[in-house]
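Everything in the first sequence is counted per the working numbering, starting at 2 for the first residue and increasing by one.
Virtual Cβ for every residue (Gly too), placed ideally from N, Cα, C.
Notes for the one structure printed next.
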Amino acid sequence: MNKKAKKIAVVKSKQKPKVKPRVKFSKPKVKSKDINYDHLKIENKWQKKWAASKIYNSKEDTKKEKCYVLDMFPYPSGEGLHVGHPKGYIATDIFSRFNRMNGKSILHPIGFDAFGLPAENYAIKTKTNPEIAVKKNVARYKKQLEILGLDYDWSREVNTTDAKYYKWTQWIFLQMLKKGLAYESFEPVNWCPTDKTVLANEDVENGRCERCGTPVEKKLMKQWVLKITDYADRLLKDLDALETKEFSNKIGSDAFRKDAPVNERYVVHCLVKHWSENKFLCMRWKKNDWRGYVVGGIEHGETPIETALREVREETGYKNVVVKKVVGNMVAQFYQEVKKENRRAHVTTIYLELTNGEQIDIPQHEKDIQDMEWVPYENVRDFVNREDLKYEWDLFTGAAKQKPLLDWPESIKESQRNWIGRSEGAEIDFRLNFPKKLDDNMHSVKVFTTRPDTIFGATYMVLAPEHPLVQVVMENIENRNEVQEYIAGAKLETEIERTDVKKEKSGVELKGIKAINPANNEEIPVWISDYVLADYGTGAVMAVPAHDTRDAEFAKKYNLPIREIELENRDDMIHKYGRSIVKYKLRDWVFSRQRYWGEPIPVIHCEKCGVVPVPEKDLPLVLPRVKSYEPTGNGESPLAAITKWVNVKCPKCKGKARRETNTMPQWAGSSWYYLRYMDPKNSKQLADAMKEKYWSPVDLYVGGAEHATRHLIYARFWHKFLFDIGVVSGTEPFKKLQHVGLIMGEDGRKMSKRFGNVVNPDDIVNTFGADTLRIYEMFMGPFDQQIAWSTDSIVGARRFIEKLWKLVAKVTYAVVTETGEIDSVATFGLNEGEGEGGAARAEADTVRGGTISTVSANHINKILHKTIKKVTEDIELLHFNTAISALMIAVNEIEKIGSVTRSQYEILLKLLAPFAPHVTEELWYAVGNKKSIHIADWPKFDPSLIVENEVNIAVQVNGKIRGSFKAAADLSKEELEMIAKKLPEVVKWIQDKNITKVIVVPNRLVNIVVL
RNA sequence: GCCCGGGUGGCGAAAUUGGUAUACGCGCAAGACUUAAAAUUUUGUUGCCGUAAGGCAGUGUGGGUUCGAUUCCCACCCCGGGCACCA
């Protein structure tokens, strides 16, 4: 895939691009000789050993849970990788290594996407055959990737330009053809005059070719098109779909009721106060869901207050309840809790009080599902949020709370929603009326509107200049010349000019033509204007200047009537005058390119039979070698010049026929490659069904955000199609998606040869080591955030690894004699062979009275177990920067203590192994292990070890920190308050003052409020 | 214009059931080691006032809720991204 970033931008507003002319690689400040850490030797050694031992090869092991980790495969350009590229690969590497150590069966493959314009243009520029250029570039990329120590299963490598691979790309196309999803269209398409090919809508950016920036032209051409619009609705809906989950609980309750309120606007939350004490009623649904309030649905005709009273009586049995107010200051805390549940919720929160405790019996079915408890005001929050009582049901819909089907960043989902651009509206026919009727036909014009409720305000109609009807009625137009001139003028404009919002609107009235508004039978003028687009909706609009800014602008300019009206009922209007219809902005995918370097479209044009697919047995249809692969510009690809290849017999009638000479777009091969990794060598099908079922879907997919509206939409489309024809088992290919934040140049601009700010990863690996590079890139900041590279800051990562390296000398172990007795306690050395010998080693911490004190050992244990927890959680969330920070803290602490047992050190190594695979492997063997650390078990933390027995208590006076003290954990509130009040630095602030209130948060703070 | 995301030291950034803001790293300053430098190491490092003890201010701005707000609410400013004469 092409690694193009869309915009050049700096990370932060405040930070102006610091233009440093010198961005070349600078010499490092580290010296590794002194401590014997030779990263080149170590990294090289382990990379070879891992390749030989095949520990990273994937297997469909049904006994294990699977984990499919995927990178967006690279598009090997001529320039090689820069340090920004590996960021995503390092992240998936960490994630897959982590999951492997957690006992999962891993698929972490890689391949190359190499068909398409970039490779072809590069080949033309360098005058090499694209096939050869691609081979060379792939080899270079592979080498660059290999030295990073990534755990790819290279035996599953795919390449989209390999005939064995694109056989299946062509096969999928044929299946689409069979289902009518691939068709030839003859319509205006985007044409790039520089690249001399048509483009899909997705390849056009602000009216320009996404590759070369040339403004695209509209050209009428016959093209292969894929009917992605048939899938528009599913592509949109599944973005918000929920994971299907079995849910059997049928017990009736508002929470589960089918007719429960589905719209949060019709829900009330009732806060119910005790009749004599400052306590609130907390409800417990027996499905472990605590609420601090009663939730009820407003039924038809009720006011929220009535609902509140009814719900509280029904659900709690307390009869004598009165409404105090609707969200007042007094209950602001509760209100905030409610809002937190759902930021979009606009619930009415009602505060009620009981006048007495009189209670009637509630029905058994209510008792079955819920309990009640009176909870003191200040404890309600803790009570509701108790960790062990996470709630599983959606508050508003009553459905089981489910995870979304797609765990994707909201921004990418939103991009796709925008791109698909669904809008619901109506098609309404306006009859046309013109005096000089040439025939009796009363023509009519279909308009598309999302506001049928404004139909009475339609005071004129506007057609796109290209609207076919204009030509039909041309003879009846009085100002024919003027109209034709306008149409000709509009044609000359580029898309960019035409769709410029700032441009003043222009248009011409079709004099002599009138339209009739079906709502009031009024005759209204008909105009043409280029602000109406031919290819959206119906190419015609009813103009309602009172309710549409564009129409208003136009009406003002041409003095057309603007009529304020009362809005009608939308559905009634649609019903009376038109039909409801859904339109999408998404266009069908223009699928042919007039270029050489792509998959040949496997179709034959027969004079008699028309379009005939190449028989499946003849696949792959291999891309033939060609003398000149320069684009022709005449709408044919260079393949058309190979008459021998082009002229074939029709597979059906054996008559004269020609091959299709257009090729597929760059995005074809990448639309399904993740499936091929599952079974890369299968010659019978694109992937074996069992294997597909085992590995699907991709558990984590990492790549650039710029693919949001292309690759990621195309792949979802193809996947859904393959699902429909039974080739794949699920409806979505990528379960979790994460986008990588770009690494910018040191000057804050995008890394590019053009700016001379490219940093080559090979240089970094050479001087600092792959492990250092990996740690640095993961430590830079949040993974999805764009950050500028800084060679100066790498030393931090390097120093950290060196600290770990030096720490091995402080690992203690017991030397055991042949009879099993402890001879002495020793440490490991940094040099090979040091510390070894005839004597066996044993854990130092088993030694009675050994060198490491119990206190220190316990202290290290506490640190380590906290670190295990933090690192484990952080890797799962892809919070690599904070995971590394936790590891640094652990190393610093252990270094300070100065001694560590072997088992403790090994935990540390394991935690770091996914991040720095080489150095940890080296040290792992150095302390006496015989099997790779990368297949060792991930450490588990012991919660009891994490518990602090001494805590720091902050003391505030009127909310300001005035002091602190250490105290045993879980000291009572009273004791804490007493100690706090006696602290000299606190006494100073509270003496001579009236203490009005003391707030004590156990294990945290004491706040003394004085007057 | 509509829709997402974000704004914290000199810099990259931590911190979410509302509870000691600035963890970790870079840089910088001072000390140790060294003939010297590098490397290493120790200490310090939000700003202002103060020799210090300490005080005041402080998480884009202005309000609000609260004993307590980076965190919740309201309004606004700025930055980044997506869509855009889409009817």
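- By the neighbour-count criterion, in which 16 or more other beta carbons inside 10 Å mark a residue as buried, W939 falls on the buried side.
- Counting only runs that start and end inside the segment 557–635, the beta strand (DSSP E) elements of at least 3 residues fall at 579–585, 604–607, 611–614.
- Out of K126, L149, K105, the CA that lies nearest to the CA of N767 is found in L149.
- Per DSSP, reduced to three states, the secondary structure at H708 is helical.
- Every alpha helix (DSSP H) stretch that sits fully inside the segment 886–919 and reaches 4 residues is listed by chain position as 903–913.
- For I744, the pairing in a beta bridge is given by DSSP as I788.
- Beta-bridge annotation (DSSP): M691 is not paired with any residue.
- Listed in chain order, the beta strand (DSSP E) elements of length 3 or more contained wholly in the segment 84–162 are 106–108.
- K515 counts as buried, since no fewer than 16 other beta carbons sit within 10 angstroms of its beta carbon.
- A direct Cα-Cα distance of roughly 7 Å separates P119 from S78.
- Of the candidates A489, V729, N570, L433, N570 places its Cα closest to the Cα of F457.
- Under the DSSP assignment, W673 falls outside any alpha helix (DSSP H); it carries neither an H nor an E label.
- With fewer than 16 other Cβ atoms inside 10 Å of its own Cβ, M691 counts as exposed.
- E523 is bridged by DSSP to N518.
- The continuous beta strand (DSSP E) containing Q957 extends over residues 951–958.
- Contact between T792 and V760 holds, with the beta-carbon distance rounding to 7 Å and staying under 8 Å.
- Going by DSSP, F780 is part of the alpha helix (DSSP H) stretching over 771–780.
- Annotation for C654: C607, K609, C610 place their beta carbon closer than 8 Å to its own, counting only its chain and skipping 5 residues before and after.
- Here DSSP, grouped into helix, strand and coil, assigns S59 to coil.
- Take the alpha-carbon of L587 and the one of L464: they are about 21 Å apart.
- For F801, the enclosing alpha helix (DSSP H) stretches over residues 795–808.
- Looking only at F769, A789, M781, I936, the smallest Cα-Cα distance to R800 is reached by F769.
- Between the alpha carbons of E510 and E631 lies a distance of about 47 Å.
- The bridge partners DSSP lists for A541 are L464.
- Non-local beta-carbon contacts of I517 in its own chain, meaning distances under 8 Å to residues more than five positions away in sequence, involve F431, R432, L433, N434, E523, E524, I525 in chain order.
- Where K998 is concerned, the enclosing beta strand (DSSP E) starts and stops at 996–1002.
- Excluding its 5 nearest sequence neighbours in each direction, P783 has C-beta neighbours in its own chain below 8 Å: G742, H880, N882, listed in chain order.
- Setting aside the 5 residues that flank it on each side, D362 is surrounded in the same chain by G318, each with a C-beta closer than 8 Å to its C-beta; the list follows chain order.
- Considering only Y184, G181, R212, V205, the residue with the shortest C-alpha distance to D196 is R212.
- Bridge partners of Y702 according to DSSP: L71, L738.
- Under DSSP, I962 takes part in a beta bridge, and its partners are Q957.
- Closest in C-alpha terms to N1004, from the list S965, N160, V988, comes S965.
- Between F718 and the set V139, A491, L237, the nearest pair of CA atoms involves L237.
- Cβ atoms of L175 and P603 come within 8 Å of each other, at about 6 Å.
- Inclusion of D231 and L182 in the CB contact set at 9 Å is warranted, their separation being smaller than that value.
- Fewer than three pairs of CB atoms, one per stretch, sit closer than 8 Å, so the segment 883–890 makes no contact with the segment 936–955.
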